[in-house]
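Working notes for the structure below.
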Amino acid sequence: MGDLSRNYINGSIPTSFGHLHLTILSLFGNTISGSIPDEISHIRALEVLILEYNQLEGNLHSSLEKLTNLRRLTIDGNDLPGKIPDWIGNWTQLDHLHIHGGPHPFYYISVEKLIRPVNI
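Using the numbering used here, the letters of the sequence shown map in sequence onto residues 7 to 126.
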């Protein structure tokens, strides 16, 4: 487990995090900026990714589709514009998706793309 919540961390998410063997990565409530690095997708065992209430920006990169064990994704309270990618519907283990908040709210993913109901 990697819980770095509320540690006053600033700067970007280190790309070296992609080499960690984690099931949980929580960076909740810091002042992390920049985009979510592609290297996060290398943490294949990741089940919980909590990035809410930072200063992240940019779109969700398609490499994140590789996180097929993800059960929970929370990215609210950031500046992540755009549409929720359709490939999120391929995350068959996902049961919690928190995306509200921020200056550019996401559009909702089409229900047909979801394999099973997700708590939004």
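Glycine included, C-beta positions come from ideal geometry on N, C-alpha and C. Because the structure is a prediction, the values reported are computed rather than measured.
I need the DSSP call for residue i, collapsed to helix, strand or coil.
i, result
"N16", "strand"
"L10", "coil"
"I81", "coil"
"H104", "strand"
Under the rule that 16 or more other beta-carbon atoms within 10 Å means buried, what is residue i, buried or exposed?
i, result
"G83", "buried"
"N60", "buried"
Please work out which residues of its chain come closer than 6 angstroms, Cβ to Cβ, to residue i, disregarding the five sequence neighbours upstream and downstream, and give them in chain order.
i, result
"H48", "G24"
"E63", "D85"
"R12", "G35"
Could you check how far apart the C-beta atoms of residue i and residue j are, in whole angstroms? I think they sit under 8 angstroms.
i, j, result
"L76", "E53", "6 angstroms"
"R78", "H102", "4 angstroms"
"I94", "H67", "Contact doesn't hold; Cβ gap of about 12 angstroms is too wide."
Confirm the yes/no value for this check: CB of residue i, any heavy atom of the ligand NAP, distance under 8 angstroms.
i, result
"I19", "With respect to the ligand NAP, the structure offers nothing, as it holds no ligand at all."
Report all residues from its chain with a CB closer than 8 angstroms to the CB of residue i; omit the five preceding and five following residues, and keep chain order.
i, result
"I15", "L33, N36, T37, I38"
Kindly indicate which residue of the options has the alpha-carbon position closest to the one of residue i.
i, options, result
"T21", "T98, E45, I90", "E45"
"K89", "N65, I56, S18", "N65"
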